[in-house]
Structure formats: structure tokens, C-alpha cells
Amino acid sequence: MEPILYFAKRLHSFTGMKLYVNLFGTVMVSLLEGIGILLLVPMISMSGIAGVNKEATPLSGMIGALQSVPKQWILPIILVSFVLLVIGQGLLKRSIGIQNVKIHQGFVYHLRSETYRALLQSKWDFFIMRRKSDFINSLTAEIGRVSGGVSVSLQLLASIIFTLIQIGLAFWLSPELTLFVIVCGFALAFLSRKFIQRSKSLGNLTLELSKQYMGGITDQLNGIKDIKINMLERSRLSWLHHMNMKMQQEHGEYFKLKATSQFYYQVASALLVAAFIFLSIQMFEAKVEQLLLVIIIFSRLWPRFTGFQSSLENIASSIPSFNNIIKLQEDCKEATEFSIAEQQGQNVKMITIEKSLECRNVYFRYNRQESQYALQDINLHIPSNRMTAIVGRSGAGKSTLIDILMGLVMPEQGQVIIDGIPLTSDRLLSLRRSISYVPQDPFLFNETIRENLLMVKPHASEKEIWEALEFSVSADFIRRLPQGLDTFIGDRGIRLSGGERQRLVLARAILRNPSILVLDEATSALDTENESKIQEALEQLKGKMTIIVIAHRLSTIRNADQVIVIDQGRIVQKGIFSQLANEKKSMLNHLLEHQAIVWPHASGEE
Ligand SMILES: Nc1ncnc2c1ncn2[C@@H]1O[C@H](COP(=O)(O)OP(=O)(O)OP(=O)(O)O)[C@@H](O)[C@H]1O
Numbered sequence: 001m002e003p004i005l006y007f008a009k010r011l012h013s014f015t016g017m018k019l020y021v022n023l024f025g026t027v028m029v030s031l032l033e034g035i036g037i038l039l040l041v042p043m044i045s046m047s048g049i050a051g052v053n054k055e056a057t058p059l060s061g062m063i064g065a066l067q068s069v070p071k072q073w074i075l076p077i078i079l080v081s082f083v084l085l086v087i088g089q090g091l092l093k094r095s096i097g098i099q100n101v102k103i104h105q106g107f108v109y110h111l112r113s114e115t116y117r118a119l120l121q122s123k124w125d126f127f128i129m130r131r132k133s134d135f136i137n138s139l140t141a142e143i144g145r146v147s148g149g150v151s152v153s154l155q156l157l158a159s160i161i162f163t164l165i166q167i168g169l170a171f172w173l174s175p176e177l178t179l180f181v182i183v184c185g186f187a188l189a190f191l192s193r194k195f196i197q198r199s200k201s202l203g204n205l206t207l208e209l210s211k212q213y214m215g216g217i218t219d220q221l222n223g224i225k226d227i228k229i230n231m232l233e234r235s236r237l238s239w240l241h242h243m244n245m246k247m248q249q250e251h252g253e254y255f256k257l258k259a260t261s262q263f264y265y266q267v268a269s270a271l272l273v274a275a276f277i278f279l280s281i282q283m284f285e286a287k288v289e290q291l292l293l294v295i296i297i298f299s300r301l302w303p304r305f306t307g308f309q310s311s312l313e314n315i316a317s318s319i320p321s322f323n324n325i326i327k328l329q330e331d332c333k334e335a336t337e338f339s340i341a342e343q344q345g346q347n348v349k350m351i352t353i354e355k356s357l358e359c360r361n362v363y364f365r366y367n368r369q370e371s372q373y374a375l376q377d378i379n380l381h382i383p384s385n386r387m388t389a390i391v392g393r394s395g396a397g398k399s400t401l402i403d404i405l406m407g408l409v410m411p412e413q414g415q416v417i418i419d420g421i422p423l424t425s426d427r428l429l430s431l432r433r434s435i436s437y438v439p440q441d442p443f444l445f446n447e448t449i450r451e452n453l454l455m456v457k458p459h460a461s462e463k464e465i466w467e468a469l470e471f472s473v474s475a476d477f478i479r480r481l482p483q484g485l486d487t488f489i490g491d492r493g494i495r496l497s498g499g500e501r502q503r504l505v506l507a508r509a510i511l512r513n514p515s516i517l518v519l520d521e522a523t524s525a526l527d528t529e530n531e532s533k534i535q536e537a538l539e540q541l542k543g544k545m546t547i548i549v550i551a552h553r554l555s556t557i558r559n560a561d562q563v564i565v566i567d568q569g570r571i572v573q574k575g576i577f578s579q580l581a582n583e584k585k586s587m588l589n590h591l592l593e594h595q596a597i598v599w600p601h602a603s604g605e606e
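Under full-length UniProt numbering, the residue at position 514 of the sequence shown is numbered 514, and the numbers go up by one with no gaps.
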């Protein structure tokens, strides 16, 4: 029951008074319904179905009072009161229903945005260790299940209040009969515990299957091109059939469980009603009108008892989803980097590097349980307003090094130092604000070109936008588009070529006017003409910003002020390009040979 209490608390803190007003309304509805039932006594008396004893029910006094009213008016008075009661009750029920939906929806939106906020505030390494599809699943399917659970919980709460009031009424009419029914009700609830436990374990299975399905579908849709090229359609479809079978089986199990529990309830109800009538007549010698009213009350309550059972099963099956969301929020909290409010704060100033950015004795492992380091013993000095190139074979540790320099991941040992001051979490935001980063696989949102650019600088002028586009050699191709800057570029920029996407992301990086520009293979998809134009533009930036470039195409880094060569997570060479290229049997020399670049002294001959 812990997760339900947890969410009840969250619901309480989210809705405040509204929840209590609604609960009070539910109490009123139940009371009105009770009065409606009690009105049946004078109706029965009028109809002559049963002779009503004056002391038979608490409302019997009313019958006495009605005897002073002219006889022809009694029935219309009773009927009009009955209709008015029903109308009042209906109106109240309607507004409570609307309020309940508002509370439920508001709470679910709140939960969703709280979870997404927690996720956005988490550190980068929190994401690299987990599957993206698990997050998608939590924010879609699991929140949906939680929403269902919250809705059922609210209904259950209303139902419990209604039942308690009706039981109170029944108790007033006949304590013995009521106690008898309640004892039977508890006995049934005790016997049905196993259905609720089973529902919970089926809920766990639903969560697992849902994760697997979401993970598989996301992976496959991301790799649809590979699926087509490698003709994997058939195998993917059979994966889906397999998943479908498992999900179908699990759904079948759940509904079988529900149907079985309903069946037991029905049988138990029939036995109970028979026993109830037998005992009330034989043992309790109940009066006709008491018996009739208690039967009416319980015949209306019994479906609710059945409803309790079904609601509890529903809630139990959504508990694993509740747990999943709670766990995700807690994990995110532990991995919080900084809050969004802090990020928007006025005192987050851009860092202008005056002298240098350094790494001192940096070690880093992706998995601390394994012995393999992605970076080891990194000592490095990046001078401000110069261009530093990082090169090395694939998997050498280049991207990891820039993640460390950007403060995306923290070194296991050692420090990143900016102008002599170690980088700590309180300067992380300022560092982030100072950096523009163009990754290997540039990301664009499914919006227009303009919106993609303004995302990083919402108030940029038209002039600034076009300057950034000129810099990245994108202005011409954008001018040629019929809608120009207002062209929609599709999912992840799919309507643009790889090179166009790279240039646009470069323009976005420049528009932000950073003090550090990090380019990770940022021009790899460009033709040599466009690439050399960008090289020229980057040359112009020297002296204005600190540029860090990762490049596989070594011809593009000849003009770098410093080259750092990494191999197997260690720095193996550093210095200026011409000097390193001339070092015999060096890594850079080796890389140059593999790219068939003839450097004047690459062979080591003076
Ligand atoms: N998310 C990760 N989890 C575990 N290991 C990782 C992760 N990312 C990278 N690695 C490992 O860390 C090492 C360095 O990877 P990194 O991406 O920094 O290399 P790189 O030099 O940038 O390679 P490339 O030029 O191919 O992009 C590799 O051995 C890689 O397998």
C-alpha cells in the first residue's frame, strides 16, 4: 500500500483544499441518496404494500406528521420531494465528477512535468548508462497507467465514503442485519487477497513487457534504413509477433483473473443474500419495512463491494508503474546536475578564458566496476583564443576528453582547471553558457530553420542569423529554399543532406557567440570545397575564441596552434602539427600515412 499512500500524499499536496471540498460533496451526495431511500417508507405505506409500524424506522415519525396533510396531497408531496432530491443529487454528482477529472488530469500533468523536469536536470552520465526507450516508456505508457490508477483511486475514495454513509444508515435501521453483512463483506475481502496480489505481479509483467516493446520499437524505427538495406523486415516482424503473443497472453491472464474474481463475488453474493433473508426472517425477526430498506441499501451497496474488489485489482496492477515513476524521480534527484531555475538565474555569467583550460592528472572510466579506463593520466594545456586539435584512432578517447572539458562528465581522478581555478559544480553552469558544441551526429528539431537557430538565442536579429549562416557556408543553400529560413526540416532535419545539417548546427553554435567552440568531427560530411571555406572562417575566429577540434581528416587541422594525439586513452604526442608529423614512427605520422597524406617530412627524411 506504500506507493498508494505516497501518491495519495502527493495528490493531497497538489490539490490541497479542492480534494476536501470534493470529498465533502461526495458525503452530501451519499446523504441525499440515503434520504431518497428513506422516502421509500412513506411511499410503501401509501401504496399499502406493507403496513408500516410507527416505530419501525427512524422516518416513521414523518408518516405521522403527513397524516395531518389532506390525503390527496401526500403522494404528490412525497413524489415531488423525491424528484427534487434526485435532481439535487444529480447536479452535485455532476460537478463533483467534473472536479474529479480536473484534479486527476492536473495531477497527472504535474507528475509528468515533474518527472521530465527531474530528467532534464540530471547529469549526462545518468543518460549514457540507461536506455532512452526506458525513459520514453516511463513518460508515456507508465504515466498513462499511473493516471488510470489515480483515477480509480479517486473513484474508490468516493465509493468508500458513499458506502460508509450507507452502512451507517443501514446500521441505524437494523444494527444486527448490518453487522451480519459487514462481517460477510470482510470475510470475502480477506479471501480475495490473492487476486489482488496476483494483479500486482501481473502489473510487474506489464511494465517489463512494455519496456521491452518500447525499447525494441524505438531501436528499430531509428534503424529503419539499415533494416531495409539488410532486408531484416521479416525478422523484425517476427520479433513483433513474438512480443504480441507475450502481451496478448499477459492481457488474457489479467482479464481471466478479473473474470474469476467477479464470478466468485457473484456466487458469494447470491449465497449471502439467501442467508441474509433466511436469517433476518428466522432469527432476527425483522420487520417488513426494515428488511425491505436494508435489502435495498445492500442491493445497491453490493455492486460497490464488487467494484472495490475490481478497483483494488486495478490499483494493484498499476503499483509497479507508480514504483517505476517514483524510482525514476529518485534516481534523477540523485543525479541532479543543477536546477532549471538556477540555469535561468541572472548570476550565471559566461566564462571568458583569459589564459587556458587545463586537465591535470585526469583519469576516467565509464564503468567503475571494470578495470578499463577511457582516459588515463591526461595532462593538457589548451591556450585561450587558439585552435587546439585532438586526433587519434577511433575509440582512442577523443570524445570522452571533450566531454570532460565541457564538464558533461566529471573525472574519476584529477581536475579540469580554468585560468588556474579548478572546475567545480558551482562554475559548471557558467562553463556551459560559454561553450558551443557541434557533435559528430548533429541534432536538429522538427521545426523550421529559423526556430532551430533561435532556440539558442531567442532575440537574435536577422543580421546576426545571416552572419552565422554565412560563416557556416549555409546562407546560399537556405536562400535557394522556397521558404528560406521558414522551411520545415523534418524529423531530426531529415529533409536536409548530412552536410547541410552539419553546417546549420555550426551556424547555431556560432550564433550563440561562445567563448569556447568545440567541434567534434563537425565537417566530416562536407565536400572539400565547403570544408575549406569553413576552415577559412575558423581561421578568422583565432584570437577571438578558444577552438577545440576533433578531426579524423588530418588535412583540416594543419593550421591548428596545437595538436594533441591520443591513443588508448593516453596522450601520446602534443605540439605543433609540422613538428609532430615529422616525429619518426609517431602516431600522427602513422595516421598521416594511412590517409595517404604526403607531408614534406612525413617519412622522417630531413
Ligand atoms: N557510453 C559509453 N559507455 C561505455 N564505454 C564507452 C562509452 N562511450 C565510449 N566508451 C568507450 O570509451 C572509449 C573512448 O571512446 P570515445 O568515444 O571517447 O572515442 P573516440 O576517440 O571519440 O572515438 P571515435 O573517433 O570513434 O568517435 C572507447 O573504448 C569506447 O568504447
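Just so it is clear, CB atoms sit at the ideal spot from N, CA and C, and this is done for glycine as well.
Quick check: the Cα distance between residue i and residue j, rounded to an integer number of angstroms?
| i | j | result |
| --- | --- | --- |
| LEU454 | ASP491 | 18 angstroms |
| GLN415 | PRO422 | 6 angstroms |
| GLU521 | THR487 | 26 angstroms |
| ALA316 | ASP134 | 21 angstroms |
| VAL52 | LEU39 | Note that VAL52 scores a pLDDT of 48, beneath 50, so its modelled location is shaky; the value from the coordinates is reported in the next line. C-alpha separation (whole angstroms): 13 angstroms. |
| PHE14 | VAL146 | 15 angstroms |
| ARG368 | GLN568 | 17 angstroms |
| GLN413 | SER399 | 18 angstroms |
| LEU541 | ALA560 | 12 angstroms |
| VAL69 | VAL80 | 15 angstroms |
| ILE326 | ALA274 | 46 angstroms |
| LYS9 | TYR264 | 33 angstroms |
| LEU401 | ALA374 | 9 angstroms |
| VAL86 | GLU33 | 8 angstroms |
| THR388 | ILE548 | 5 angstroms |
| SER238 | LEU232 | 10 angstroms |
Assuming residue i and residue j are in contact, meaning their beta carbons sit under 8 angstroms apart, how far apart are those beta carbons, in whole angstroms?
| i | j | result |
| --- | --- | --- |
| residue 651 | ILE96 | Past the edges of the chain, shown from 1 to 606, lies residue 651, and the structure says nothing about it. |
| ASN22 | GLU142 | Going by Cβ atoms, the distance from ASN22 to GLU142 rounds to 26 angstroms, so no, they are not a contact pair. |
| PRO442 | VAL505 | 4 angstroms |
| LYS544 | ASN385 | 6 angstroms |
| THR556 | GLU531 | 6 angstroms |
| VAL391 | VAL563 | 6 angstroms |
| SER356 | ILE382 | 6 angstroms |
| ALA475 | TRP466 | 6 angstroms |
| ILE417 | ARG360 | 6 angstroms |
| ILE534 | VAL473 | 6 angstroms |
| THR115 | LEU139 | 6 angstroms |
| GLU337 | SER122 | 6 angstroms |
Would you identify the three-state DSSP class for residue i, choosing helix, strand or coil?
| i | result |
| --- | --- |
| TYR366 | coil |
| MET587 | helix |
| VAL518 | strand |
| GLU529 | helix |
| PRO76 | helix |
| SER472 | coil |
| ILE576 | coil |
| ASP226 | helix |
| GLN568 | coil |
| LEU11 | helix |
| VAL183 | helix |
| THR218 | helix |
| THR523 | coil |
| residue 619 | As shown, the chain starts at 1 and ends at 606. That puts residue 619 outside it, with no answer to give. |
| VAL69 | coil |
| SER436 | strand |
Against chain B, does residue i count as a neighbour if the rule is that its beta carbon must be under 7 angstroms from one of theirs?
| i | result |
| --- | --- |
| GLU114 | Structure shown: chain B not included; a single protein chain is present. |
| query | Near ligand 1, which residues have their beta-carbon less than 5 angstroms from any of its heavy atoms, given in chain order? | reply | Applying a distance threshold of 5 angstroms between residue Cβ atoms and the heavy atoms of ligand 1 selects ILE128, TYR366, ALA374, SER394, GLY395, ALA396, GLY397, LYS398, SER399 and THR400, given in chain order.
| Which runs of the beta strand (DSSP E) spanning at least 3 residues fall entirely within the region 96-179, listed in chain order? | none
| message | Just to confirm the assignment: which complete beta strand (DSSP E) runs, minimum length 3, are found wholly within the region 348-423? | response | 356-364, 375-383, 387-392 and 413-418
| Secondary structure, alpha helix (DSSP H): runs of 4+ residues fully inside the region 450-497 | 462-471 and 475-480
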